[in-house]
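Peer 1: Handing you a structure now.
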Amino acid sequence: GMQKSAFATFIIVFCSMAQTGSARGFPDCAGSARIAQVSGVAPNGVLAFSDGQRAVLEGIRLPQGAADRAGSDAARQALSALVALVKDRNIEWAATKPTEDRHGRLRAQIAVGGVWVQEALLQQGLARVALLPSHAQCVAQMYAAEEAARAAKRGLWALPEYAVRLPDGLAQKDRGTFQIVEGKVVSAAVKSGRAYINFSADWDRDFTVTITPEDMKVFRTRDVNPRDYAGKMVRVRGIIDWYHGPEIELMGPASVEVLN
Numbered sequence: 125g126m127q128k129s130a131f132a133t134f135i136i137v138f139c140s141m142a143q144t145g146s147a148r149g150f151p152d153c154a155g156s157a158r159i160a161q162v163s164g165v166a167p168n169g170v171l172a173f174s175d176g177q178r179a180v181l182e183g184i185r186l187p188q189g190a191a192d193r194a195g196s197d198a199a200r201q202a203l204s205a206l207v208a209l210v211k212d213r214n215i216e217w218a219a220t221k222p223t224e225d226r227h228g229r230l231r232a233q234i235a236v237g238g239v240w241v242q243e244a245l246l247q248q249g250l251a252r253v254a255l256l257p258s259h260a261q262c263v264a265q266m267y268a269a270e271e272a273a274r275a276a277k278r279g280l281w282a283l284p285e286y287a288v289r290l291p292d293g294l295a296q297k298d299r300g301t302f303q304i305v306e307g308k309v310v311s312a313a314v315k316s317g318r319a320y321i322n323f324s325a326d327w328d329r330d331f332t333v334t335i336t337p338e339d340m341k342v343f344r345t346r347d348v349n350p351r352d353y354a355g356k357m358v359r360v361r362g363i364i365d366w367y368h369g370p371e372i373e374l375m376g377p378a379s380v381e382v383l384n
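For any residue, its number in my numbering is found by taking its place in the sequence shown, counting from 1, and adding 124.
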């Protein structure tokens, strides 16, 4: 399991860091900062501000226990860490357009006492990077923080349920879960405006990454051609669907890390 003592130390060290210093906590890529007071944190990690606004932590996904087909330890610890950092504190938040999600909640980067909350949770292995195409800010910094935690097997990275998957290691039970899959792209094609990124010759049954014609626009605006992934080692992330075989519908180029 996850070491409780190491985790407790993290909270103490972290919160003492957050109590001191008032330096701007997040990098310039996050946008301009505003101040709010956090009055509460919901079980799903949504922050309630004292002015009535609600905010989601943009760019990361907290562990979700049963929804991840995993135990509840990581989810509980991530929530405790978040609560310890932000509850009843004045925080800085920044949001880039579109600033709200479909539930009217701010999509915010959060900092408290000079600590960038997203980066801190990622560095401790208490969250994974999960970027929307419209919000690819700070992508390099966030992936670097996640990578550091994975290399050190911190937090959820110590658990087999959260391991980075191989394209041929996905099963029906993974359907509906958020997974990170790493492998070599054998071929990439665009047909009727939809991109297909294949990790084996048997593209009909094996793991495929697709990009809808609508989301292809994002790739074009970022000047990324999915055909260029052919022959490369990539790490992709998203919700596993099943269509003949396992599939991830990729929303934007920020969800692909090209490893070579």
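Think of the CB as a built atom: it goes at the ideal place given N, C-alpha and C, for glycine as much as any other residue.
Quick caveat: nothing in here was measured; it's all calculated off a predicted structure.
I need the straight-line Cα distance from Y267 to Q242, nearest angstrom please.
Peer 2: Each residue's alpha carbon lies about 11 Å from the other.
Peer 1: Can you name, in chain order, every residue of its own chain whose Cβ lies under 8 Å from the Cβ of R213, other than the five neighbours on each side?
Peer 2: If we look at R213 and ignore the five residues flanking it on each side, its Cβ neighbours are A142, Q161, V162, V236 and G237.
Peer 1: Could you name each continuous alpha helix (DSSP H) segment of 4 residues or more that falls completely within the segment 240-266, going from the start of the chain to the end?
Peer 2: Here the runs fully enclosed are 241-247.
Peer 1: Would you kindly work out how many angstroms separate the C-alpha atoms of G169 and R344, rounded to a whole number?
Peer 2: Approximately 33 Å, taken between the alpha carbons.
Peer 1: Output the distance between the C-alpha atoms of Y320 and G362, rounded to the nearest integer angstrom.
Peer 2: Their Cα atoms are separated by approximately 15 Å.
Peer 1: How many whole angstroms separate the CB atoms of Y286 and L294, which I take to be in contact at a CB cut-off of 8 Å?
Peer 2: Between L294 and Y286 the Cβ distance is about 14 Å, and since that is not below 8 Å, they are no contact.
Peer 1: As a quick exercise: from D298, R229, V305 and A282, pick the residue whose alpha carbon is nearest that of R386.
Peer 2: Examination of residue 386 is not possible in this model, given that the chain is present from 125 through 384 alone.
Peer 1: Does DSSP classify F343 as helix, strand or coil?
Peer 2: DSSP places F343 in helix when its eight states are reduced to three.
Peer 1: Taking CB distances under 9 Å as the criterion, tell me whether P291 reaches chain C.
Peer 2: The structure shown contains no chain C; it is built from a single protein chain.
Peer 1: Among residues of its own chain, excluding the 5 on either side of R178, which ones have a beta-carbon nearer than 6 Å to its beta-carbon?
Peer 2: So the list reads V170, A172 and R229, once near-sequence residues are dropped.
Peer 1: Let's test the definition: count the other Cβ atoms within 10 Å of the Cβ of P187 and tell me whether it reaches 16, buried, or not, exposed.
Peer 2: By the neighbour-count rule (16 or more Cβ atoms within 10 Å), P187 is buried.
Peer 1: Report buried or exposed for A202, applying the criterion of at least 16 other Cβ atoms within 10 angstroms of its Cβ.
Peer 2: Buried is the call here.
Peer 1: Helix, strand or coil for P151 per DSSP?
Peer 2: In the structure shown, P151 sits in coil (DSSP, three-state: anything other than H, G, I, E or B).
Peer 1: E338: buried (16+ other C-beta within 10 angstroms of its C-beta) or exposed?
Peer 2: Its Cβ having fewer than 16 others within 10 Å, E338 is exposed.
Peer 1: Taking 9 Å as the cut-off, decide whether the C-beta atoms of E381 and R351 are in contact.
Peer 2: Taking 9 Å as the Cβ cut-off, E381 and R351 do not qualify as a contacting pair.
Peer 1: Under 9 Å, do L246 and I159 count as touching if we go by C-beta distance?
Peer 2: Cβ distance not < 9 Å, so L246 and I159 don't count as in contact.
Peer 1: Whole angstroms are fine: how far does the CA of P291 sit from the CA of A372?
Peer 2: Note that residue 372 corresponds to Ile in the displayed sequence, not to Ala. In a straight line, the C-alpha of I372 is about 11 Å away from that of P291.
Peer 1: Would you decide whether Q303 is buried or exposed? Buried here means 16 or more other CB atoms lie within 10 Å of its CB.
Peer 2: That one is buried.
Peer 1: In the structure shown, what three-state DSSP assignment does L171 receive?
Peer 2: Residue state, collapsed to three classes: strand.
Peer 1: How big is the Cα-Cα spacing for E182 and H259?
Peer 2: For E182 and H259, the distance between alpha carbons rounds to 8 Å.
Peer 1: My output table needs one value for R274: the three-state DSSP class, helix, strand or coil.
Peer 2: DSSP places R274 in helix when its eight states are reduced to three.
Peer 1: Considering only the beta carbon of each residue, do P370 and R318 sit closer than 9 Å?
Peer 2: No, these two residues do not count as a Cβ contact at 9 Å.
Peer 1: Can you tell me whether DSSP reads P370 as helix, strand or coil?
Peer 2: If DSSP states are grouped into helix, strand and coil, P370 belongs with the strands.
Peer 1: How would you label S146, buried or exposed, when you count the other beta carbons within 10 angstroms and need 16 or more for buried?
Peer 2: Unreliable positioning characterises S146 in this predicted model, as indicated by a pLDDT of 45, which lies under 50. The coordinate reading is nonetheless provided below. When all chains shown are included, S146 counts as exposed.
Peer 1: How is the beta strand (DSSP E) around Q303 delimited, first residue to last?
Peer 2: First-last of the beta strand (DSSP E) with Q303: F302 to K308.
Peer 1: Decide if L250 is buried, meaning its Cβ has at least 16 other Cβ atoms within 10 Å, or exposed.
Peer 2: With 16 or more other Cβ atoms within 10 Å, it is buried.
Peer 1: What three-state label does DSSP hand A208 in the structure shown?
Peer 2: The answer is helix: DSSP assigns A208 an H, G or I state.
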